[in-house]
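Here is the structure we will look at.
Residue numbers (the numbering used here): 2 to 546.
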C-alpha cells in the first residue's frame with residue numbers, strides 16, 4: 002500500500018498530537034508525521050495506519066499495539082475510553098460506586114492503569130487499585146468481593162508482546178455483554194479530547210488482604226484429601242508465578258517446580274514466539290522440566306493467568322499438552338463426580354467439544370451451550386458449577402470468580418492428579434473411560450491470520466452465498482447464527498464445523514469435531530476418528546486458502 006500525505010491526514014495527526022497528554026506519545030507521532038512530510042517512503046502509510054482508529058470497543062474491551070495515535074493502545078486512548086466508561090456507569094445509576102483497577106506487566110500497563118484510575122477518581126468514583134501486576138482472575142474476584150460497580154484490567158492476555166488491552170467487568174463480576182459495548186463506544190465517541198479529560202490522583206491502593214482472600218477461596222477447591230503430587234508449571238513470563246506458588250502452598254501442595262526462565266514477568270516474552278500455551282513450542286521448556294523432575298502433571302498459565310493448559314505423561318513416558326477440550330471434559334467430569342449441588346449446571350460454547358454434554362447426561366446434570374466467550378458462559382444459568390471453552394478457559398469457581406481462572410483451575414487439576422496418583426491411575430485413564438462410554442471426540446482448529454480484516458468478511462460472505470454440500474467426504478447442512486452471532490455451523494454424520502471471525506485477534510477460525518463410536522477397540526476408534534479429522538482439516542484449509 003502507498004498512501005499520500007493528504008492535508009486531511011496531516012491535520013488529523015496535528016490535532017491528535019495537540020490533544021495527547023503524554024509527552025512520549027506526542028514525540029512518537031510527531032516523528033512519524035515529520036518523516037511523512039519529508040517524503041520518506043512508507044511514513045505516510047504508517048501515519049495513515051496510526052490514524053485509522055479509533056480502536057473498536059467491544060465486549061472484550063480494547064486490544065491493540067502499544068503505540069501513539071487513535072489506532073493504538075496509549076495513555077490518550079485509555080483516558081478517553083475511561084471517560085466513556087465513567088459516563089456509561091453514571092448513566093446506569095452507578096455514580097460514586099467502587100471501581101477496581103488492575104493490570105498485568107506488559108509494556109504500558111502501569112501508565113494505562115494509572116490513567117484509568119485517575120479519570121475515574123476525577124469522575125467521582127471510589128477507585129481501588131490492585132497493589133501491583135496481578136492475574137486477571139484476582140481482579141475479577143475483587144469486583145464481587147468489594148461489591149464494585151465495575152472492574153478494569155489492563156491486559157492483552159496471550160496476545161503478542163507488542164500488544165496491550167483494556168478489559169471491563171460490570172457489577173455482576175462478568176465481562177460486559179451487548180448492548181453495553183455499543184453504549185460505551187458511543188460514550189467514548191462523545192468524550193472530549195484526552196487532554197481535556199479531568200484526571201485526579203487519590204485512588205486507594207489495596208494491600209495484600211484482597212489477594213489473601215482470593216487465595217483462601219482457591220485453597221478450598223481440591224475435592225479430596227490427597228496432596229502427594231509432583232507438578233511442573235510455567236507462567237510464560239507473565240504475572241501468574243507467585244500467585245500460583247502461593248495458591249499451591251495454601252492448598253497443601255508442596256511439590257511445585259516452576260520453569261525458572263519464564264517465572265519472572267517480562268513484557269518482551271523472550272523465550273517464546275507467542276506467549277500462548279496453545280502455540281507450538283510455547284510449552285517446550287515446561288515439558289522438559291516435567292520430564293526432568295518426574296512430575297505427575299504439567300501446568301502452563303498464559304501471561305495474565307486466566308487460562309490454564311495441562312500436560313500429561315503418555316504411557317510410553319513422553320509428555321504432551323492436552324487439548325483444551327480434553328482438559329475441559331476431564332475437569333468437568335471431576336467436578337460433576339464430586340459436586341454437592343442438587344441440580345448442577347455445566348456449560349461450554351458452541352465451538353467446544355460436545356462431549357461435556359454426554360458427561361453431564363451421565364450424571365443427571367443440566368448442560369448448556371453458549372456463544373463463544375466467558376461473558377456468555379458465566380451467564381449460562383442458575384446453579385452453574387463449571388464452564389469451559391476450548392481455548393484453555395476454565396471456570397471451576399463461579400461462586401467467587403465469574404470468568405476463566407487459570408490459578409483455580411491449576412489447583413483443582415492438582416487435586417485430581419493427586420487423587421488419581423493415590424489410586425495408581427492418571428488423567429489419560431479417565432479420558433479413555435469417557436471415550437469408551439461416550440465415543441471418541443477429536444477436535445482441531447484451523448486459523449487463518451489476516452492483515453486485512455475485509456478478507457474475513459469476504460470469506461464468510463462467500464460461504465453464506467455458496468454453502469458446501471459436503472466436507473471431508475461427509476454430507477453437511479449449514480446453519481447461519483446471524484443475527485445473534487457472525488457464526489456458521491455445518492453438521493453431518495459424526496462431524497461438526499463451526500466457522501467465525503475471532504473477537505480478539507485478526508483471524509478467521511474454523512473449529513472441527515469428529516465423533517466416532519467405540520464399538521470394540523478404543524485404539525481403532527481413535528485411529529478412525531483421527532483419519533476423518535485429518536481429511537476434514539485438509540478440506541477446510543483448502544477452502545479458506
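Backbone N, C-alpha and C define an ideal beta-carbon position, used for all residues, glycine too.
Under a 10 Å Cβ-count criterion, residue 7 is classified as exposed, with fewer than 16 other Cβ atoms of the shown protein chains found around its own Cβ. Assignment of residue 441 by DSSP, reduced to helix, strand and coil, places it in the strand class. Looking only at 416, 289, 470 and 83, the smallest Cα-Cα distance to residue 226 is reached by 416. The residue from 363, 456, 367 and 540 with its alpha-carbon nearest to that of residue 437 is 363. Sequence-distant partners of residue 196 (beyond 5 residues in either direction) whose C-beta falls short of 6 Å from its own C-beta, in its chain, are 20 and 22. A distance below 7 Å between beta-carbons, with the five flanking residues on each side excluded, links residue 534 to the following residues of its chain, in chain order: 443, 445, 513 and 515. Restricting attention to 216, 60, 283 and 32, the CA atom closest to the CA of residue 184 is found in 60. With at least 16 other beta carbons inside 10 angstroms of its own, residue 302 counts as buried. Taking 8 Å as the upper bound for CB-CB distance, residue 273 and residue 237 are in contact here, some 6 Å apart. DSSP, reduced to helix, strand and coil, places residue 503 outside both helices and strands of the structure shown, so it counts as coil. By the Cβ-count criterion, residue 161 is exposed, with fewer than 16 other Cβ atoms from all chains shown falling within 10 Å of its own Cβ. The beta carbon of residue 388 sits closer than 6 Å to those of 348, 378 and 396, all from its chain and outside the five residues before and after it, given in chain order. In the DSSP annotation of this structure, the continuous segment of the alpha helix (DSSP H) that includes residue 31 starts and ends at 24-38.
Residue 516 is bridged by DSSP to 442. A check of alpha carbon separations from residue 258 across 275, 276 and 300 identifies 300 as the nearest. The shortest CA-to-CA distance from residue 308 to any of 249, 276, 335 and 334 is the one to 276.
From the listed residues 242, 71 and 356, the smallest Cα separation to residue 517 is found for 356.
Secondary structure of residue 74 (DSSP, three-state): strand. In this structure, residue 256 and residue 230 form a Cβ contact; the two beta carbons are roughly 7 Å apart against a cut-off of 8 Å. For residue 324, the closest C-alpha among the options 317, 313 and 334 is that of 313. Out of 187, 135, 220 and 335, the CA that lies nearest to the CA of residue 431 is found in 335.
For residue 138, the three-state secondary structure derived from DSSP is helix. Per the DSSP secondary-structure output, residue 508 pairs in a beta bridge with 450. Spatial neighbours of residue 460 in its own chain (CB-CB distance under 7 Å, excluding positions within 5 residues in sequence) are listed in chain order as 509 and 545. The DSSP assignment places complete beta strand (DSSP E) segments of no fewer than 3 residues inside the stretch 240-293 at 256-259, in order along the chain.
Residues of the same chain with a CB within less than 7 Å of the CB of residue 33, apart from the 5 flanking positions on each side, are 44, 47, 48 and 51 in chain order.
A residue is called buried when at least 16 other Cβ atoms come within 10 angstroms of its Cβ; residue 142 meets this threshold and is buried.
Runs of the beta strand (DSSP E) spanning 3 or more residues and lying entirely within the stretch 144-211 occur at 151-155 and 164-171, in chain order. For residue 384, the closest of 392, 340, 406 and 418 by C-alpha to C-alpha distance is 340. Under the DSSP assignment, residue 332 falls outside any beta strand (DSSP E), being part of the alpha helix (DSSP H) whose first and last residues are 325-339. For residue 525, the enclosing alpha helix (DSSP H) has its first and last residue at 523-545. Residues 224, 225 and 227 of the same chain have their beta carbon placed closer than 8 Å to that of residue 420, with the five preceding and five following residues left out of the count. In this structure, the straight-line span from the alpha carbon of residue 105 to that of residue 144 is close to 17 Å. As a beta-bridge residue in DSSP terms, residue 389 pairs with 395. By DSSP's assignment, residue 471 forms a beta bridge with 476. With contact defined as three or more Cβ pairs closer than 8 Å, the stretch 56-73 and the stretch 163-171 are in contact.
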